[in-house]
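From first to last, the protein sequence lines are chains A and B.
Take the first sequence: its letters are residues 1 to 250, numbered as in my numbering.
Take the second sequence: its letters are residues 251 to 500, numbered as in my numbering.
Even for Gly, the Cβ is constructed at its ideal location relative to N, Cα and C.
There are 2 protein chains.
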Amino acid sequence: MATAVCESIKIVLVEPTHPGNIGAAARALKTMGLSHLCLVAPKNYPSAEATARASGADDVLHAAEVVSVYADALQDCTLVVGTSARRRSLAWPELDPAECAERLVEAAASSPVALVFGREHSGLTNRELDHCQYLVRIPANPAYSSLNLGAAVQVLAYELHKAALETGGGAAAALTDRDRPATAAEMAGLMGHLQDVATQVGFLHPAHPRLLMRRLRRLVHRSQPDRTEINILRGFLKAVQRATDGRGGD
Amino acid sequence: MATAVCESIKIVLVEPTHPGNIGAAARALKTMGLSHLCLVAPKNYPSAEATARASGADDVLHAAEVVSVYADALQDCTLVVGTSARRRSLAWPELDPAECAERLVEAAASSPVALVFGREHSGLTNRELDHCQYLVRIPANPAYSSLNLGAAVQVLAYELHKAALETGGGAAAALTDRDRPATAAEMAGLMGHLQDVATQVGFLHPAHPRLLMRRLRRLVHRSQPDRTEINILRGFLKAVQRATDGRGGD
Chain A
1 MATAVCESIK
11 IVLVEPTHPG
21 NIGAAARALK
31 TMGLSHLCLV
41 APKNYPSAEA
51 TARASGADDV
61 LHAAEVVSVY
71 ADALQDCTLV
81 VGTSARRRSL
91 AWPELDPAEC
101 AERLVEAAAS
111 SPVALVFGRE
121 HSGLTNRELD
131 HCQYLVRIPA
141 NPAYSSLNLG
151 AAVQVLAYEL
161 HKAALETGGG
171 AAAALTDRDR
181 PATAAEMAGL
191 MGHLQDVATQ
201 VGFLHPAHPR
211 LLMRRLRRLV
221 HRSQPDRTEI
231 NILRGFLKAV
241 QRATDGRGGD
Chain B
251 MATAVCESIK
261 IVLVEPTHPG
271 NIGAAARALK
281 TMGLSHLCLV
291 APKNYPSAEA
301 TARASGADDV
311 LHAAEVVSVY
321 ADALQDCTLV
331 VGTSARRRSL
341 AWPELDPAEC
351 AERLVEAAAS
361 SPVALVFGRE
371 HSGLTNRELD
381 HCQYLVRIPA
391 NPAYSSLNLG
401 AAVQVLAYEL
411 HKAALETGGG
421 AAAALTDRDR
431 PATAAEMAGL
441 MGHLQDVATQ
451 VGFLHPAHPR
461 LLMRRLRRLV
471 HRSQPDRTEI
481 NILRGFLKAV
491 QRATDGRGGD
């Protein structure tokens, strides 16, 4: 995989419990030409077991970024895809592994992106999924869909590698007249602003904002606004604030 | 995967050294709807480590066929594909994982077939490959192509599952709980409402609304809102109107 694309795809493991899986993930990445592993609040790490399972991929393991706060891992990412072992009741737009890989590789040509894996036993929380524009689900046996974490990383890394080979090693995405995609931080700023205004005008109940905000976030994420569009939407929200209470919000 | 096809695809591990990999392979099979594992002269088996790594797939592990002679595992098979981590100097016909999976699933509809994995460190010997009609190689990083055995089983089992779904294993289209897409009229209603509100709060200049509205329309269209989402957005706009001038707009 072209180096730039490879380095722009971050594989994020959220609170992995078994150090063996961390090592297995490092190895899976390296076999598929990926190198950027990020661990969010790992249990038992560093660990001899992780190093043993990484085998010849200890360079990827040692270079792994370790953060304590989930959102910190995604700050600079313009596209975030979460993995899920089951269909969710609230339908995040769902991609199959090949589609997911295509989108990530395409987006990685211009900016950092992330593919996020949850805890071994409980996956990602809905709150963590709120940071994701898409979900990817590996098609599996409905009666037993529980892939080992390292194995799931291997399958999706394999699809990323295939997608990278197919797009000719990082062919730049088709250019449109769109501005650069918004980062996770810019998106969070927009959603926070929207929540404030929606509360201010009495649309959101301040004590129970969650479900409605989740639906709105999903809708906004789906459109993948660029930076200019984020600014337009925030301009509109500021105008609403001014008209409502006479002061420009920010 | 249809039961008959699933049972006709035998996954053969030749002299696996690490019992953890045997357990991981059993788990990988079960997640992908496969059930037939065959072990040729395994070291350290049975083993508590294999059982632990099999996790909820201990049924597949316990049902595994154990043979001491490689050829015995293949006796009844009409198609045998061997895995290889590297290109071989003697050119066996080589398949990529997806082609390999298609052929195995197709052949398994009428008779037993086998997919053979070699030892962790040295793979399959040329003599063992002589029993194979084809080789399959997982595309990988040329500088480090050494997938863990369990991870390699997972990738190829995943391709087998995909192939089985595609050949009419009843692959239902992904269902989500999204409401029906908004009609053009509902979308026009939303955009008209947005234009009214944006004008009312002073965000749009009433004489020159065009360019900004076009950008907003493009953004909203891109997210393809469903009917419920349109209603949520219009609810928000109504709340803004109420907060701004004390009357509910429509």
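Between B/Gly270 and B/Ala300 the beta-carbon gap is near 7 Å, inside 8 Å, which marks them as a contact. Interface with chain B (8 Å Cβ-Cβ cutoff): A/Arg222 is included. The closest CA to that of A/Ala28, considering only A/Pro42, A/Glu15, A/Leu39, A/Ile11, is found on A/Ile11.
Residues of chain A with a Cβ closer than 8 Å to the Cβ of B/Leu415 are, in chain order, Pro139. Shortest Cα-Cα distance from B/Arg377 to any of B/Ser305, B/Ala359, B/Ala321 involves B/Ala321.
DSSP places B/Ala364 in the strand class (E or B) of the three-state scheme. The three-state reading of DSSP puts A/Cys100 in helix, counting H, G and I together.
Shown here, A/His161 sits in a helix according to DSSP, grouped into three states. Against B/Phe453, the close residues of chain A are Gly235, Phe236, Ala239, in the order they occur along the chain (beta-carbon pairs closer than 7 Å). Listed along the chain, the chain A residues whose CB falls inside 7 Å of the CB of B/Ala357 amount to none; the nearest CB is some 21 Å away. Closest in C-alpha terms to B/Thr449, from the list B/Lys412, B/Leu487, B/Arg477, comes B/Leu487.
Listed along chain B are Arg465, Leu469, each with a C-beta nearer than 8 Å to that of A/Glu229.
Closest by C-alpha distance to A/Pro46, out of A/His62, A/Leu37, A/His36, is A/His62. Taking the Cα of B/His443 as reference, the smallest distance to any Cα among B/Leu483, B/Ala254, B/Asp495 is reached at B/Leu483. Ranked by Cα distance from A/Ala182, the first of A/Gly189, A/Gly150, A/Ala243, A/Thr78 is A/Thr78.
Under the 8 Å criterion on CB atoms, A/Ile9 is classed as non-interfacial with respect to chain B. Residue pairing of B/Tyr384 in beta bridges, as defined by DSSP: B/Val331.
When Cβ pairs closer than 8 Å are counted between the two stretches, the region 350-367 of chain B is seen to touch the region 402-419 of chain B, the count reaching three or more. With respect to the C-alpha of B/Thr281, the residue from A/Arg137, A/Gly23, A/Arg119 having the closest C-alpha is A/Arg137. In terms of beta-carbon proximity, A/Ala26 stays away from the interface with chain B, with every pair separated by 8 Å or more. Judged by DSSP secondary structure, A/Lys10 falls within the beta strand (DSSP E) whose first and last residues are 9-14. As the crow flies, the alpha-carbon of A/Gln75 is around 50 Å from that of B/Ala291. Buried is the label assigned to B/Leu399, since at least 16 other Cβ atoms lie within 10 Å of its Cβ.
Within the model, the alpha-carbon separation for A/Ser35 versus A/Glu7 is close to 6 Å.
Of the other Cβ atoms in all chains shown, fewer than 16 fall within 10 Å of the Cβ of B/Glu315; this residue is therefore exposed. Bridge pairing for A/Arg119: A/Gly123 [DSSP]. Beta-bridge annotation (DSSP): A/Glu65 is paired with A/Cys38.
Look at B/Met437: its C-beta is not under 8 Å from any C-beta on chain A.
Judged by DSSP in its simplified three-state form, A/Leu95 adopts strand.
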